[in-house]
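For reference, the structure discussed in these notes is given below.
Number of protein chains: 2
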Amino acid sequence: MTTKQLVAQIIKKKSFLCIGLDVDLAKIPPHLLQEEDPIFAFNKAIIDATHHLCVAYKPNTAFYEAYGIKGWKSLEKTINYLNEKHPEIFTIADAKRGDIGNTSTMYAKAFFEDLAFDSVTVAPYMGKDSVEPFLAFENKHTIMLALTSNEGAFDFQTKTVDGKELYKQVLETSKSWKNSENLMYVVGATKAEYFAEIRKIIPTSFLLVPGVGAQGGNLQDVCKYGLSENIGLLINSSRGIIYASKDENFANSAAEKAKELQTQMEVILNN
Amino acid sequence: MTTKQLVAQIIKKKSFLCIGLDVDLAKIPPHLLQEEDPIFAFNKAIIDATHHLCVAYKPNTAFYEAYGIKGWKSLEKTINYLNEKHPEIFTIADAKRGDIGNTSTMYAKAFFEDLAFDSVTVAPYMGKDSVEPFLAFENKHTIMLALTSNEGAFDFQTKTVDGKELYKQVLETSKSWKNSENLMYVVGATKAEYFAEIRKIIPTSFLLVPGVGAQGGNLQDVCKYGLSENIGLLINSSRGIIYASKDENFANSAAEKAKELQTQMEVILNN
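Line order of the protein sequences matches chains A and B. Going letter by letter, the first sequence gives residues 17 to 287 in the numbering used here. Going letter by letter, the second sequence gives residues 17 to 287 in the numbering used here.
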């Protein structure tokens, strides 16, 4: 998918919501556990109920790998379902991968070719030759961790490196990498005050923003400083939407939560 | 596996060799492609021929994920084979994972419980709460990236952070994390001159050292500065061993290459 197509979808749906499909068998409605593939059954119901309210889905691979081959099959069924039924939706493999050159190419093949995601999240620690192999794939997007939403972000990311915080060095440096136009960045909503600074470095890049809702981030604050001329934001909510209820109507409850966020986004986009 | 058991195995085998099982179907002997599971057939042959010469095996997950569910099955068969036939051998899932707390726990379950590896590699960028969930598993080891063997290591890892290189900050900081005795670190052999400095910060921690052989690192240099009182080194070689030949005798060729390294290690351990 091209960035232009993503922006067109945002304008059409009046939404820049991304729904995180982080499926924990201990948290889904108990009646689904009787299904042959409870994880996929859950995802399918959530997708059917919310696809008109969001522009992206983001399964976090940890939740699938934890169930071994069965989990990997659920992930495959989920991405196939999305690509068949809703090809206009932007798909994100939240995998936070990164390795030396040739090995990163194998990860890129896993997520861009074998599973056919539109994008994958990567970690920056190993530098240029660990990320460029992902950037080489046409019409695919590589979403690099910049400033994450957790407490541990303050351990290294905000430390000063040669006069500038590490996350800013990561943003600056990555701009010179080959095919850097295929880069997006993860910036946590819990650090809304940082968005103005970030936009000085990368004025138009799309930012994937976790941390709204359950983690305490505020949508209005993020948009105030983070919106760009091409919108440039994908706001992720996982637990706040998908675990809205545990009863048989869980998918409707999820849709209600998604609608709340979409409505707020519509107001913001209209202003 | 405890660190004590790992050290005992090193002393018994006179080897601190780790063999990287990075299986690329384009590089394995062509006759194996007729097998039902070529990747596992390759790994099994390599393990059968080399298990007495090494103390650890390290499949890099990228090479398995690139083949989707089939690849994940090959990985599962490989770790099961190792745990059944050679339970004394230290196993490393080279996965370079890392995510926020609860999600890291899911990754830890994937590699420590579902696949029953002894250890997993992780990335430090997201800080303490992304790594501590791995450290909570008893008799399991978390191998954190410190200074990697690739060119991109100079993008961020060697940059000065508050008066000290980032990789040193990572080493220092991680020592205060809960259960930090379960930490090992990745330090590339291509940067042998850094080992003396690293040993000042972490005098006894085990270091997983990629980059000997194909990437140009030198075993003697690494050992000169990197050996600790409990040995503290696992030297990894992947391509230099497993792709020694493409003919029907590939496993013997791999064993010869492994034997060369083991013999050098025996000389070093005897001195």
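Even for Gly, the Cβ is constructed at its ideal location relative to N, Cα and C.
Phe150 (chain B) and Thr158 (chain B) do touch by the CB rule: their CB atoms are close to 4 angstroms apart, below 8 angstroms.
Among the residues of chain B, those whose CB is under 8 angstroms from the CB of Leu161 (chain A) are Tyr141, Met142, following chain order. When secondary structure is reduced to three states using DSSP, Phe106 (chain A) falls in the strand class.
Contacts between Val225 (chain B) and chain A, judged by CB atoms closer than 7 angstroms, are missing: the closest CB pair is about 14 angstroms apart. In this structure the stretch 101–114 of chain B does not lie against the stretch 40–58 of chain B, because fewer than three pairs of beta carbons, one per stretch, are closer than 8 angstroms. Contiguous alpha helix (DSSP H) elements confined to the stretch 58–138 of chain B occur at 78–81, 84–101, 117–124, taking only those with 4 or more residues.
Counting C-beta atoms within 10 angstroms of its own C-beta, Lys191 (chain A) has fewer than 16 neighbours from the protein chains shown and is therefore classed as exposed. In summary, the residues of the stretch 168–179 of chain A whose CB is separated from some CB of chain B by less than 8 angstroms are Gly168, Ala169, Phe170, Asp171, Phe172, Gln173, Lys175, Thr176, Val177, Asp178, in the order they occur in the chain. Looking at the backbone, the Cα of Asn246 (chain B) and that of Ile217 (chain B) are separated by about 16 angstroms. Distances from the CA of Ile62 (chain A) to each of A:Asn265, A:Val283, A:Phe222, A:Leu285 were compared; the closest alpha carbon is that of A:Asn265.
Around Thr206 (chain A), the same chain offers Ser165, Gly227, Gln231, Gly232, Gly233 as residues with beta carbons nearer than 7 angstroms, after the five sequence neighbours per side are excluded.
Within the DSSP secondary-structure output, Leu48 (chain A) pairs in no beta bridge.
Residues of chain B with a Cβ closer than 9 angstroms to the Cβ of Glu100 (chain A) do not exist; the shortest Cβ-Cβ separation is about 17 angstroms. When A:Leu131, A:Lys194, A:Glu197, A:Trp88 are compared, the shortest CA-CA separation from Thr107 (chain A) is found for A:Leu131. Using beta-carbon distances, Met200 (chain A) does not count as an interface residue toward chain B, since no partner is under 8 angstroms. With 16 or more other CB atoms across the displayed protein chains lying within 10 angstroms of its CB, Asp38 (chain A) is buried. In the three-state reduction of the DSSP assignment, Asn166 (chain A) falls in the coil class, being assigned neither a helical nor a strand state. Secondary structure remark: continuous alpha helix (DSSP H) runs of at least 4 residues inside the stretch 170–223 of chain A, in chain order: 182–190, 211–217. Taking a 10 Å sphere around the C-beta of Ala271 (chain B), we find 16 or more other C-beta atoms and assign the residue as buried. Taking a contact to require three or more Cβ pairs closer than 8 angstroms, the stretch 22–30 of chain A and the stretch 69–82 of chain A qualify as touching. Taking C-beta atoms under 8 angstroms as the contact rule, Met160 (chain B) and Val202 (chain B) qualify, at a distance of about 7 angstroms. With fewer than 16 neighbouring CB atoms inside 10 Å of its own CB, Thr220 (chain B) falls in the exposed class. In the same chain as Asp145 (chain B), and ignoring 5 residues on each side of it, the C-beta atoms closer than 6 angstroms to its own belong to Gly117, in chain order. For Leu33 (chain A), the secondary structure class from DSSP, reduced to helix, strand or coil, is strand. When the beta-carbon positions are compared, Thr19 (chain A) and Phe222 (chain A) come within less than 8 angstroms of each other.
When the five nearest sequence neighbours on each side are left out, the beta carbons in the same chain lying within less than 7 angstroms of the beta carbon of Gln280 (chain A) are those of Leu235, in order along the chain.
In this chain, the alpha helix (DSSP H) harbouring Leu235 (chain B) covers 235–242.
Among the CB atoms of chain B, one or more fall inside 8 angstroms of the CB of Leu182 (chain A). Any Cβ of chain B closer than 8 angstroms to the Cβ of Gly114 (chain A) would place that residue at the interface, and such an atom is present. Non-local beta-carbon contacts of Ile284 (chain B) in its own chain, meaning distances under 6 angstroms to residues more than five positions away in sequence, involve Cys239 in chain order.
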